[in-house]
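This report concerns only the one structure given below.
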Amino acid sequence: MYYKMLIGMLILGSCATTEFYLKEIQVTNDNTKNHDLDNNDNFPPDGKWLVYDTRTALGGVGGSPSVERVNIETKATEVLFEIPGNTEFGPGAGAASYHPTENKVIFIHGLPVCTEKNPYQQWRRSGVIVNDNQPNMAINMDARDVTFPFTPGALRGGTHRHEWSRDGKWVGYTYNDAIMKKLEDSTGIKWNLRTIAVSNQQHPVIVDKDDAGENVAGTWYSAVVVRVVPDPKPGSDEISNAASDSWIGTSGYPKPDGSKQMARAFIGKVNDNNGKPVDELFVVDIPEAINVPGEYGPLEGTPTTSPMPPRGTVQRRLTHTANSQFPGCGGVVRSSFDGKQISFLARDTKGVQQVFLISPLGGEPVQVTEHHSDVQSGVRWSDDNQSIAYIWDNSIVLCEISDQPFEKRAKRLTAKTTEAPSNLVWSNDGRTMAFNRTVSGDGKSDQKKQIFVINLGTNK
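Numbered by the working numbering, the letters in the sequence shown go through residues 16 to 475 in order.
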């Protein structure tokens, strides 16, 4: 298979006087703005473009005035969506991802009404969809209703890092609730807790208009699927934060009976036996119908409670590192395309951060990498489920998943550089990897994120 051939070439090259690395091609060059891939799915189905946002600072998305794309062959750029008169207070747009089979993108959009007093915030944003052939025509994906009585199928805050499922039928994302933020401000209790929600095209959601322009109708139906609490019971599986999430498999993970279960993997923050926060790996099973209330309360929430998961959601803890010598898990967790394995970062017995794999059904994690220093990013999977790519030692590394010795399975694709590449993404056809590098212009103040690609050839 192609990826094994590529690793073999790199091994042969590494034995020579000069190591063999793939050529890095810079595809964006405008040093007046950033070109941020933001750790999303940035390639369209044909793999010829990359979508990015132009956030005005190297961190944060609140001030991003546009979402654009670049052709990786011609380096031509196109504006897919632009906010005229955008300011540092918003509305802002960014963190874009392409649909896996259709030429359309989804991204964050701050609420239309943003001021210095009430700017773009975690709890004041939603997701919008734009088709390639209809730029600047934004379609609201998730509905937002912050006036009581609330609306089932609508959320009450801010959605972020929207990710299409690999079959294109769902969108998953992290979520912060505006009503709970308001409750936090009035009580001093930490109620603004990040969690995870999903949407599908069950039916559009209509909400009442409000004078402040805070309510937004949506074309998809949405529900929170992970329950969080402000103070998890020590030693329990309760969590206070859920993030770094992604879909499992192309259409879920295989169950023992052969059926598929739609699910998202994520990092959840538990409290250990002493009450100290620890990040662990979780899975939440998602029912086909997300419009039926579950045991914890109404889907839409109340003035003093968060929206609650629908009936049929099952939240499960996969790792138990809290009592180990080096507790905690990390990285944006991702699964193989067949849904059989989830990748995450954790520390080995020497305290070095490595890539581990675990089944969505549970069991013991398996350590995949054996580096002498920390792996710097979560992984991207090959479409044949046999290889992973990640960033280590300021280089992009390709690692085969097999029983071969580690030094034969893992090789650098790019040379080590002073600053690490970031936001690695693998094209759907397996031909190309893209990533960000910070490039200086005439001086430090001119640093901007640019997009680079390396060509892997084809495995087809």
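All C-beta atoms in this analysis are idealised placements derived from N, C-alpha and C, irrespective of residue type, glycine included. Note that the structure is a prediction, hence the values are computed from the model and not measured.
Find out if the Cβ-Cβ distance for the pair residue i, residue j is shorter than 7 Å.
{"i": "residue 120", "j": "residue 42", "result": "no"}
{"i": "residue 438", "j": "residue 58", "result": "no"}
{"i": "residue 198", "j": "residue 185", "result": "no"}
{"i": "residue 52", "j": "residue 440", "result": "yes"}
{"i": "residue 314", "j": "residue 322", "result": "yes"}
{"i": "residue 455", "j": "residue 462", "result": "yes"}
{"i": "residue 318", "j": "residue 238", "result": "no"}
{"i": "residue 192", "j": "residue 176", "result": "no"}
{"i": "residue 301", "j": "residue 240", "result": "yes"}
{"i": "residue 157", "j": "residue 78", "result": "no"}
{"i": "residue 348", "j": "residue 274", "result": "no"}
{"i": "residue 228", "j": "residue 128", "result": "yes"}
{"i": "residue 469", "j": "residue 428", "result": "yes"}
{"i": "residue 279", "j": "residue 183", "result": "no"}
{"i": "residue 115", "j": "residue 98", "result": "no"}
{"i": "residue 247", "j": "residue 204", "result": "no"}
{"i": "residue 141", "j": "residue 82", "result": "no"}
Can you give the Cα-Cα distance for residue i and residue j, rounded to whole angstroms?
{"i": "residue 414", "j": "residue 426", "result": "7 Å"}
{"i": "residue 475", "j": "residue 430", "result": "Per-residue confidence for residue 475 stands at a pLDDT of 41, beneath the threshold of 50, marking its modelled position as unreliable; the derived number appears in the next sentence. Approximately 27 Å between the Cα atoms of the pair."}
{"i": "residue 160", "j": "residue 169", "result": "6 Å"}
{"i": "residue 150", "j": "residue 95", "result": "5 Å"}
{"i": "residue 210", "j": "residue 46", "result": "36 Å"}
{"i": "residue 378", "j": "residue 335", "result": "11 Å"}
{"i": "residue 434", "j": "residue 122", "result": "27 Å"}
{"i": "residue 166", "j": "residue 60", "result": "35 Å"}
{"i": "residue 226", "j": "residue 138", "result": "18 Å"}
{"i": "residue 26", "j": "residue 409", "result": "Note that residue 26 scores 47 on pLDDT, short of 50, meaning its location in the model is unreliable and no value can be drawn from it."}
{"i": "residue 250", "j": "residue 383", "result": "28 Å"}
{"i": "residue 113", "j": "residue 180", "result": "11 Å"}
{"i": "residue 375", "j": "residue 402", "result": "18 Å"}
{"i": "residue 320", "j": "residue 101", "result": "33 Å"}
{"i": "residue 254", "j": "residue 288", "result": "13 Å"}
{"i": "residue 472", "j": "residue 208", "result": "43 Å"}
{"i": "residue 309", "j": "residue 243", "result": "15 Å"}
{"i": "residue 134", "j": "residue 104", "result": "5 Å"}
{"i": "residue 423", "j": "residue 350", "result": "23 Å"}
{"i": "residue 446", "j": "residue 400", "result": "15 Å"}
{"i": "residue 110", "j": "residue 68", "result": "6 Å"}
Whose CA, out of the options, lies closest to the CA of residue i?
{"i": "residue 264", "options": "254, 417, 272, 276", "result": "276"}
{"i": "residue 106", "options": "259, 454, 143, 372", "result": "143"}
{"i": "residue 367", "options": "423, 118, 345, 108", "result": "345"}
{"i": "residue 432", "options": "452, 284, 447", "result": "452"}
{"i": "residue 117", "options": "136, 147, 384", "result": "147"}
{"i": "residue 261", "options": "387, 306, 395", "result": "395"}
{"i": "residue 90", "options": "63, 445, 286", "result": "63"}
{"i": "residue 40", "options": "81, 85, 136, 49", "result": "85"}
{"i": "residue 304", "options": "87, 421, 213, 112", "result": "213"}
{"i": "residue 49", "options": "471, 467, 472", "result": "467"}
{"i": "residue 406", "options": "448, 222, 188, 194", "result": "448"}
{"i": "residue 352", "options": "316, 266, 422", "result": "266"}
{"i": "residue 282", "options": "257, 174, 245", "result": "257"}
{"i": "residue 136", "options": "108, 173, 145", "result": "173"}
Over the uninterrupted beta strand (DSSP E) stretch that includes residue i, give me the two end residues.
{"i": "residue 422", "result": "Taken as a continuous stretch (DSSP letters only), residue 422 belongs to no beta strand (DSSP E), being part of the alpha helix (DSSP H) at 421 to 424."}
{"i": "residue 97", "result": "92 to 97"}
{"i": "residue 448", "result": "447 to 454"}
{"i": "residue 361", "result": "357 to 362"}
{"i": "residue 193", "result": "Where residue 193 is concerned, there is no enclosing beta strand (DSSP E), although the alpha helix (DSSP H) it sits in stretches over 193 to 202."}
{"i": "residue 181", "result": "Note, residue 181: premise wrong, no beta strand (DSSP E); not H, not E."}
{"i": "residue 68", "result": "64 to 68"}
{"i": "residue 236", "result": "236 to 239"}
{"i": "residue 124", "result": "119 to 125"}
{"i": "residue 210", "result": "210 to 215"}
{"i": "residue 467", "result": "463 to 470"}
{"i": "residue 9", "result": "Outside the shown range of the chain (16 to 475) lies residue 9, about which nothing can therefore be said."}
With a threshold of 16 other CB atoms inside 10 Å of the CB of residue i, please say whether the residue is buried or exposed.
{"i": "residue 342", "result": "buried"}
{"i": "residue 311", "result": "exposed"}
{"i": "residue 220", "result": "buried"}
{"i": "residue 124", "result": "buried"}
{"i": "residue 419", "result": "exposed"}
{"i": "residue 356", "result": "buried"}
{"i": "residue 224", "result": "exposed"}
{"i": "residue 329", "result": "exposed"}
{"i": "residue 215", "result": "buried"}
{"i": "residue 218", "result": "exposed"}
{"i": "residue 340", "result": "exposed"}
{"i": "residue 33", "result": "Only weak support exists for where residue 33 lies, its pLDDT of 44 falling under 50; the coordinates are left without a value."}
{"i": "residue 284", "result": "buried"}
{"i": "residue 87", "result": "buried"}
{"i": "residue 354", "result": "buried"}
{"i": "residue 307", "result": "exposed"}
{"i": "residue 294", "result": "buried"}
Beta carbon of residue i: closer than 6 Å to some heavy atom of the ligand MN?
{"i": "residue 238", "result": "Here there are no bound small molecules, and the ligand MN is not part of this structure."}
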